[in-house]
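A.B. asks:
Protein chains in written order, with my numbering: chain A, 1 to 471; chain B, 472 to 942; chain C, 943 to 1413.
#1: State the start and end residues of the unbroken alpha helix (DSSP H) segment that holds residue 1387 of chain C.
#2: Can you find a CB in chain C that lies within less than 8 Å of the CB of residue 289 of chain A?
#3: Is residue 1271 of chain C close to chain A? Criterion is C-beta to C-beta, closer than 8 Å.
#4: Quick one: what's residue 946 of chain C bridged to in DSSP?
#5: So what does DSSP say about residue 1192 of chain C, is it helix, strand or coil?
#6: Let me confirm a value: residue 321 of chain A is counted as buried when at least 16 other C-beta atoms fall within 10 Å, else exposed. Which label applies?
#7: Using beta carbons (cut-off 8 Å, strictly below), is residue 388 of chain A in contact with chain C?
#8: Here's a check: name, in chain order, each residue in its chain whose Cβ is nearer than 7 Å to the Cβ of residue 903 of chain B, leaving out the five neighbours to either side.
#9: Whole angstroms are fine: how far does the CA of residue 12 of chain A sit from the CA of residue 918 of chain B?
#10: Do the segment 574-590 of chain B and the segment 876-887 of chain B make contact, defined as three or more Cβ pairs closer than 8 Å?
#11: Expressed to the nearest angstrom, what Euclidean distance is found between the alpha-carbon atoms of residue 296 of chain A and residue 179 of chain A?
#12: By the three-class DSSP mapping on this structure, what secondary structure does residue 218 of chain A have?
#13: Does the distance from the CB of residue 311 of chain A to the CB of residue 330 of chain A come in under 8 Å?
#14: At least one CB of chain A closer than 8 Å to the CB of residue 871 of chain B: is that the case?
#15: What is the DSSP secondary structure of residue 803 of chain B, reduced to helix, strand or coil?
#16: To the nearest angstrom, report how far apart residue 1172 of chain C and residue 1020 of chain C are at their CA atoms.
#17: Tell me residue 171 of chain A's beta-bridge partners as DSSP assigns them.
#18: Out of A:170, A:121, A:168, A:186, which has the shortest C-alpha to C-alpha gap to residue 161 of chain A?
#19: Distance check for residue 54 of chain A and residue 117 of chain A, CA to CA, integer angstroms please.
#20: Is it buried or exposed for residue 957 of chain C, if we count other Cβ within 10 angstroms and need 16 for buried?
#21: Count the other C-beta atoms from every protein chain shown that fall within 10 angstroms of the C-beta of residue 376 of chain A, then say buried if there are 16 or more, exposed otherwise.
#22: Check distances from the C-beta atoms of the segment 961-973 of chain C to those of chain B and list, in chain order, the residues that come in under 7 Å.
#23: Could you tell me which whole beta strand (DSSP E) segments of length 3 or greater appear in the segment 1237-1281 of chain C?
#24: What are the start and end residues of the beta strand (DSSP E) that includes residue 828 of chain B?
#25: What whole-angstrom Cβ distance do residue 1078 of chain C and residue 944 of chain C have, given they're in contact under 8 Å?
#26: Please compile the residues from chain B whose C-beta is within a distance smaller than 7 Å of the C-beta of residue 16 of chain A.
#27: Which first and last residues belong to the beta strand (DSSP E) in which residue 506 of chain B is found?
#28: Evaluate residue 735 of chain B with the Cβ neighbour count: other Cβ atoms within 10 Å of its Cβ, from every protein chain shown; 16 or more gives buried, anything less gives exposed.
#29: Could you tell me whether the segment 1288-1299 of chain C touches the segment 1012-1019 of chain C, using the rule of 3 or more Cβ pairs below 8 Å?
#30: Give the list of continuous beta strand (DSSP E) stretches no shorter than 3 residues that lie fully inside the segment 79-162 of chain A.
#31: Please name the residues in the segment 801-834 of chain B whose beta-carbon is closer than 7 Å to at least one beta-carbon of chain C, in chain order.
#32: Could you tell me whether the segment 190-210 of chain A touches the segment 277-294 of chain A, where touching means 3 or more Cβ pairs closer than 8 Å?
#33: Taking DSSP's pairing of strands, which residues face residue 411 of chain A in a bridge?
#34: Is residue 1108 of chain C helix, strand or coil by DSSP?
#35: Does the separation of the CB atoms of residue 181 of chain A and residue 244 of chain A fall below 8 Å?
#36: Taking the alpha carbon of residue 658 of chain B as the point to measure from, which residue in B:929, B:518, B:494, B:860 has its own alpha carbon closest?
Now the structure itself:
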């Protein structure tokens, strides 16, 4: 029998009445602030084309690796969830059956942030009032699909309804940003920008690196067989990105390693990388050097750097072979920052023009490395809890371990970092609630007064993101 | 002056009235569920022979390394606690004096789980109502000994009184499981099974490895001087264990490293290991390979694998020399899983028949590695907080860091993992209380409804252990 | 408009009324106990000369790296805060302007312990009732300076007013301890002792190591060009320190590594170190060996050892070059203890005379390594949360992760470890509050009774420090 689905107005606040009352007051003042989403992975085509979303399975299950990784972990085949096979082998095509499978396993998400995000979408976007289960799966599926077919649920309408002030996607330097330019030219008031994510032309281990380098050269008219031409190509594409409103770059390296090598050595590394003969250590060193090169360019052109290190990509060999990348099989690894970042920081750490936002998948670095680094270096800021850690508990751990040493002003507000467009308001709402509850705790143990906490709630929900990303 | 000893009915629940009320309700419904103890180290001879326990010191102090390590840390000689010297040197023989020494240092345990377990035993098993101290040490000692001499305190009677549905011990492949077979044949309804713990014949660095290999061959009629005979010997002993009701294996390796080497290389490693000339790295590699071999056999025979890595054994050279192993001198070390498990997972990670339960002594792996791994791979499950971490705080850290990414259904309920038989109900009670309080918190911040929390409380207390261990 | 500044009597206690009431009761009984400050970095000259402090900027900003690192992290030049340049370049000389700059950025400290310490000083030492801000900066500055000019604010008067029973500073073996001896001879009843901190003559990588060795020889009349003369010089200086009342040594090594090498090898290492030709690994090995040598001497002379490992010193190359060491640019790194300490522990770990107090900047070691080690080895004790972690959250993490395995009696009370003299009472007050709140939690979840918690509150606030440091 289906259970009632209600979003309690005090969800995620402390059970303590005193703290809850303070949190509620802080939250009331920020809950309707516009959403700044300065880092994420939605598809810009949605907002340029503004076509209706297909159906519930295509929108809510197939693109959401949080959802299908959990189902897979309990023995459900990815084929049965409709994920495309690399070899074109048949997979489930019937969205309804996929949805039913999901619904009948919805209990697996108890206690996870996915459950919270999904329930919020179900209530706030689609108006459901029963918890998803086997019995109401069809009703859910039909209701969602019917809604998606209406104009009110097209991408731009949702963008506006979600009160998004700015949304950033992430693109390769090879992208022509056609969708972003089309959006800008369309007269629609929604602001959708990109971020310069050069991994495909910086990481010698990226699939198709050599081809990408050639395309990079063709696109820019630079000779990317030489290191200076290659750097010049970066400069040109960064300038192009910037001309479309882009304010940041993003770097998804395996580690936080940086380097500052003599030019001749870098050129030799680049030649090796181009030839496909770089060893793993040489590839790593090239990526390390390129972070420093990117910092140098950021000082020139003002783009804010984001560093997202520490993910072991495509850990499941069988899944990678059958389904390709980004299939929920990326696993965090130990990541250290102190020695790794030193070459870049020695070179550019005190340059006034530089902002480098650090993220981590290794929470042990919060109090030990990241807060001490960001609490000292003028160029460093700390990104919010990322990926596996953007849960209520992850957000609390972040504030508890970072605030003491880095304060609030060396952090940059929230990133949703998601492909799941419909979950964006839910994710920001969780962040605002958790920040308000944390501030309420500081008020209740008399470390902040109410007015200060109120100012900080606005900073954390809105202002810091605008400042850090130069929006 | 002795203090009153009372077990408060709400112990370990949040001080918040609202959360406490929810926790109390959840706990009421699970507190009397039978105990599943799928992993531990009690002595099966207790239950086959059913002889009365000797005295309070022999039962509660000498076998409990949690107890004597704390006393030792504050300067009490292990000899004075009656622990046997390897060289036969005289140690304290008088149980009463040992008990008095313990009683006069009982304050050292304040705030530790040992204190909770012991107090629970004192109240619930023996009916005491004063906190143990110097003044009442003799009264305690005499009362316990008098009780132990009665039939109601023999092992089987306690097993029944404790409402244990199943108890698993852990034995070497060389064991004849005589006690387990005797129990099964005795007509007694208590279910006591073993687990296949092959470390003595898998770890080239285990004391007496060469002799154990010979015995392994004699026992199975296999030629354990060849790798194929050695593997066949494992298969036979696993089949024998299984025939007595065993459902799991257990592996206590220094690290989580696995390997999938070419057969010729494995045979060469095995020859080195047999000869006693394997280097530490070669011994490690052999253990790594054998985890993969054990996984292969588990797919065939269905035994659930348990991996307990990360303990630096016998750290105190002087204690090891004078008293031997398992004397409270094992210390956790950093443990990583992501790269280490990949060879095994690449080989067998998507096999439907495999269950591999991962434990850790390095809590930093919870949110960074273990929850992401178990939240993806179908064969992986997370064991409960282990050893040093089966405290209330350790249990809370586990749920807070694991649930967000792995949910509840990739965990396996509680293990007491103890030699201290009398503490088993107390340990499970702590786990049930902490889980109910954690669920109550999720109810109070409106992430779960009461009914869901009630279902989960039963799963965590009872059902998940049965399922995961195929009981 | 300035905000009211009030120190709430219940600050830092749980918002839960029940827990708060217990915490308040415990705190009432310990808040006025004398302060034992067994480890810190105040200047003994203050107490021998007893000259008035100069002004607010010199006293509260320039010596406090917590304060200026936060300001620097948000783009304020260290020159503008009046920190001296190594090259003698001009820096801000006007204390009032420095103070104004600080005041106008006081919001940066929201949520940090610095904010709490400073506010406590502002209220309790100077009687302010408004939060520092741009508008009242001059009033603050003038009021503080006027107070400092009076006798009641001279160092000895403040020492007495702060109810300090003992204060330890930290000096090089080359120090003549003139100030300490002058204090002892002065008839003043304040007890100010030193600690033997031999890094400058033990660490081959310390600036001026060779010169320090020569001076060490001259001072002791020993031939410090030989290892035996060098050891003898240590023995003499330790004896000298001890003769002035010193009870401890302190070791600030990059890692916790120890060694127990053959004598010939040590002598060769020493010769290399003296010559300035030791590689980083050789320097590390020499430091490692010297920890074991210091332990040997501690067994002889009874001095308590303190080990403070894990800081990457002077990480910011530009700041180090322009301003020198201790400028807020030291960053913690991963630190491991288990294998590292084994050589020393194998040699001396069971010697009854030895006390080795371990500190960490890597909180992951608390539950994994430090509590298990200290909960076993008789010579080991755990120092309190250190440096970046002496925040309310850091203190809670310490108790939550350490108590379960090491209990309370393997910890040593609080260290303020500060150069900021005025903040000492505030820092001890934070520690007492957090410990009382932690004990209150154990009372409220019925793990301790009130009387036990009361005993423990006194131990943690006062007695354990006296015992551990042999005061």
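For each residue, glycine too, the CB sits at the ideal point set by N, CA and C.
C.D. replies: Taking the definition as stated:
#1: No alpha helix (DSSP H) contains residue 1387 of chain C, which DSSP labels as neither H nor E.
#2: no
#3: yes
#4: C:1072
#5: Here residue 1192 of chain C sits in strand by DSSP.
#6: exposed
#7: no
#8: 498, 501, 502, 932
#9: Roughly 7 Å separates the two Cα atoms.
#10: no
#11: 29 Å
#12: Correct three-state label for residue 218 of chain A: helix.
#13: yes
#14: yes
#15: strand
#16: 40 Å
#17: A:196
#18: A:121
#19: Between residue 117 of chain A and residue 54 of chain A, the C-alpha separation is close to 20 Å.
#20: buried
#21: buried
#22: 961
#23: 1246-1249
#24: Counting along the chain, residue 828 of chain B sits inside the beta strand (DSSP E) bounded by residues 827-829.
#25: So it is a contact: roughly 5 Å between Cβ atoms.
#26: 487
#27: If you look at residue 506 of chain B, you'll find it in the beta strand (DSSP E) that goes 506-508.
#28: Note on residue 735 of chain B: under 16 other CB atoms within 10 angstroms of its CB, so exposed under the neighbour-count rule.
#29: no
#30: none
#31: 802, 803, 804, 805, 832, 833, 834
#32: yes
#33: Answer is A:382, bridged to residue 411 of chain A.
#34: strand
#35: Going by C-beta atoms, residue 181 of chain A is nearer than 8 Å to residue 244 of chain A.
#36: Measuring from the Cα of residue 658 of chain B, the nearest candidate turns out to be B:518.
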